[in-house]
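Residue numbers (the numbering used here), protein chains in the order written: chain C, 14 to 129; chain W, 314 to 424.
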Amino acid sequence: GAVVSQHPSWVICKSGTSVKIECRSLDFQATTMFWYRQFPKQSLMLMATSNEGSKATYEQGVEKDKFLINHASLTLSTLTVTSAHPEDSSFYICSARWTGKVHEQYFGPGTRLTVT
Amino acid sequence: GEDVEQSLFLSVREGDSSVINCTYTDSSSTYLYWYKQEPGAGLQLLTYIFSNMDMKQDQRLTVLLNKKDKHLSLRIADTQTGDSAIYFCAEKGVGRRALTFGSGTRLQVQP
């Protein structure tokens, strides 16, 4: 149980285009999901907290107009990187907090984004 | 703000025990976690401990928590080559939903 999937697992896009990344909790409901960014050989940096049915909460320094988050249902959150630039290239990881066990957080496998 | 620190690298021989250490600054931490990340993959929750516990054992894994010193450790008994990965320590403080992660410790297991 407690499986989180992400799609796509990797994507290459051109500068100026937008990319959507999906995060799904497959066998549990998650009122809260989190989006992290990880640079090579570095730790995870929290970008935003995604709340089902309401607006996301962004961390300081993260542009909410560039990184659009939609938490449409209890099992799906999406992150859209708008007008992508090469500096947006990174590993994006989502996690979902199990509503039934709020102290447990499960992570997706990550999405590697490369912007050319 | 909250800070979590780990040593960057640990090398052990197969069959030995590995001990990965972590220190944190948030005295309100309620839960502390250990995650494993293999190359190119997401994070796998290995184990976690509630802040009122001193120790938790789960098969080959033993977590020790010294709340006074804000020190957390993960011991892996009989380390195998498949244990080679990056291990992240993370903590969750009161009133916070997101986790704060350490920089990760790369464990290398020599055959």
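Ideal Cβ positions, reconstructed from N, Cα and C, are used throughout, including at glycine.
Chain C contact residues for residue i, given Cβ-Cβ distances below 9 angstroms
i: Lys405(W); result: His116 and Gln118
Residue i vs residue j beta-carbon contact at 8 angstroms
i: Ser397(W); j: Leu420(W); result: yes
i: Glu327(W); j: Thr394(W); result: yes
i: Ile82(C); j: Ala69(C); result: yes
i: Ser56(C); j: Phe414(W); result: yes
i: Ala354(W); j: Gly123(C); result: yes
i: Ser86(C); j: Cys36(C); result: no
i: Met366(W); j: Leu358(W); result: no
i: Val24(C); j: Leu126(C); result: yes
Nearest-angstrom Cβ-Cβ length linking residue i and residue j, presumed shorter than 8 angstroms
i: Ser18(C); j: Met46(C); result: Incorrect: roughly 12 angstroms between the Cβ atoms, too far for contact.
i: Phe120(C); j: Leu356(W); result: 4 angstroms
i: Glu318(W); j: Cys335(W); result: 7 angstroms
i: Phe80(C); j: Val94(C); result: 6 angstroms
i: Lys349(W); j: His116(C); result: That belief does not hold up - the Cβ atoms of Lys349(W) and His116(C) are roughly 18 angstroms apart, past 8 angstroms.
i: Asp101(C); j: Val75(C); result: Between Val75(C) and Asp101(C) the Cβ distance is about 12 angstroms, and since that is not below 8 angstroms, they are no contact.
i: Thr338(W); j: Glu315(W); result: 6 angstroms
i: Ala109(C); j: Ser38(C); result: 4 angstroms
Euclidean distance between Cα positions of residue i and residue j
i: Tyr361(W); j: Gly417(W); result: 16 angstroms
i: Ser324(W); j: Met60(C); result: 32 angstroms
i: Ile34(C); j: Ser330(W); result: 39 angstroms
i: Thr44(C); j: Gln51(C); result: 23 angstroms
i: Ser341(W); j: Cys26(C); result: 42 angstroms
i: Ser31(C); j: His20(C); result: 15 angstroms
i: Arg409(W); j: Gln423(W); result: 39 angstroms
i: Phe41(C); j: Gly113(C); result: 9 angstroms
i: Gln372(W); j: Thr88(C); result: 31 angstroms
i: Met58(C); j: Asp78(C); result: 18 angstroms
i: Pro53(C); j: Ala403(W); result: 18 angstroms
i: Lys369(W); j: Ser67(C); result: 37 angstroms
i: Leu387(W); j: Glu65(C); result: 34 angstroms
i: Val16(C); j: Ile106(C); result: 14 angstroms
i: Val407(W); j: Val332(W); result: 27 angstroms
i: Trp48(C); j: Lys381(W); result: 32 angstroms
i: Tyr346(W); j: Phe401(W); result: 8 angstroms
i: Phe363(W); j: Pro99(C); result: 41 angstroms
Contacts that residue i makes with chain C (C-beta to C-beta distance below 8 angstroms)
i: Leu323(W); result: The contacting residues do not exist; Leu323(W) stays about 15 angstroms from chain C at best.
i: Gly408(W); result: In chain order: nothing, as chain C lies at least about 12 angstroms away.
Interface partners of residue i on chain W, CB under 9 angstroms
i: Gly113(C); result: Residues of chain W passing the Cβ test: none, with the nearest at roughly 15 angstroms.
i: Leu59(C); result: Ala411, Leu412, Thr413 and Phe414
i: Thr62(C); result: Arg410 and Ala411
Where residue i meets chain W, residues with beta-carbon distance less than 8 angstroms
i: Ile106(C); result: Gly355 and Leu356
i: Arg110(C); result: Arg410
i: Gly121(C); result: Gly355
Interface partners of residue i on chain C, CB under 7 angstroms
i: Gly395(W); result: By Cβ distance, chain C contributes nothing, its closest Cβ being about 18 angstroms from Gly395(W), past 7 angstroms.
i: Gly417(W); result: Ser56
Chain W contact residues for residue i, given Cβ-Cβ distances below 7 angstroms
i: Phe47(C); result: Ala411
**Request:** Mind checking the region 23-45 of chain C against chain W and listing, in chain order, the residues whose C-beta falls within less than 8 angstroms of any C-beta there?
**Result:** Answer in chain order: Thr45.
**Asked** Mind listing which residues of the region 332-364 of chain W have their C-beta closer than 9 angstroms to chain C's C-betas, in chain order?
**Response** Taking 9 angstroms as the Cβ-Cβ cut-off against chain C, the residues of the region 332-364 of chain W that qualify are Thr343, Tyr344, Tyr346, Tyr348, Gln350, Gly353, Ala354, Gly355, Leu356, Gln357, Leu358, Tyr361 and Phe363.
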